[in-house]
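Engineer: Residue numbers (this note's numbering): 480 to 602.
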């Protein structure tokens with residue numbers, strides 16, 4: 480039922496859909512429709528905005544759509560953190576820390592040297 484509700488909200492587009500229209504389209508009562516909308520909001524797939532409609536307070540529902548961006552390892556610039564086996568244990572103030580990581584330091588130095596070369600070669 481939640482998937483169907485999400486599809487209906489998604490089809491409403493940028494203008495959104497009144498919560499009362501959603502439960503009518505789903506063929507459920509207002510209580511069940513409200514529960515479905517709140518579940519979708521809690522999951523982060525729907526945004527509810529309070530609105531005064533024909534003298535009554537209701538919610539307008541909007542689908543949270545995000546474009547999926549493909550992450551490619553070559554776009555990460557070779558940063559060692561993304562492939563490090565210790566990433567889950569790494570953090571500021573921890574025994575394993577970005578402040579003391581030789582791989583990260585080497586990566587940053589290489590990057591800075593490349594920038595310096597470019598700056599010095601540009602007229």
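All C-beta atoms, glycine included, are put in the ideal place defined by N, C-alpha and C.
Fair warning: this is a prediction, and the values are worked out from it, not measured in the lab.
I need the boundaries of the alpha helix (DSSP H) containing residue 521, first residue and last residue.
Structural biologist: Unbroken alpha helix (DSSP H) run through residue 521: 509-522.
Engineer: Check the DSSP bridge columns for residue 540 and list the partner residues they point to.
Structural biologist: Beta-bridge pairing links residue 540 to 496, 527.
Engineer: When DSSP builds the beta bridges, which residues end up paired with residue 532?
Structural biologist: The partner list for residue 532 (beta bridge, DSSP) reads 535.
Engineer: Expressed to the nearest angstrom, what Euclidean distance is found between the alpha-carbon atoms of residue 574 and residue 565?
Structural biologist: When rounded, the distance between both Cα atoms is 11 Å.
Engineer: What's the C-alpha gap between residue 567 and residue 523?
Structural biologist: Roughly 25 Å between the two C-alpha positions.
Engineer: With a Cβ-Cβ cutoff of 8 Å, do residue 586 and residue 558 count as a contact?
Structural biologist: Going by C-beta atoms, residue 586 is nearer than 8 Å to residue 558.
Engineer: Since residue 491 and residue 505 should fall inside the 8 Å C-beta cutoff, what is the C-beta to C-beta distance between them, to a whole number of angstroms?
Structural biologist: That pair is no contact at about 13 Å.
Engineer: I'd like the list of long-range same chain contacts for residue 501, defined as Cβ closer than 7 Å, with 5 residues on each side in sequence excluded.
Structural biologist: Here the set comprises 484, 487, 488, 512, 516, 540.
Engineer: Going by C-alpha distance, which of 590, 589, 569 is nearest residue 580?
Structural biologist: The shortest Cα separation from residue 580 among 590, 589, 569 belongs to 569.
Engineer: Return the first residue and the last residue of the alpha helix (DSSP H) that residue 571 is part of.
Structural biologist: Segment: none, residue 571 is in no alpha helix (DSSP H) and carries neither H nor E.
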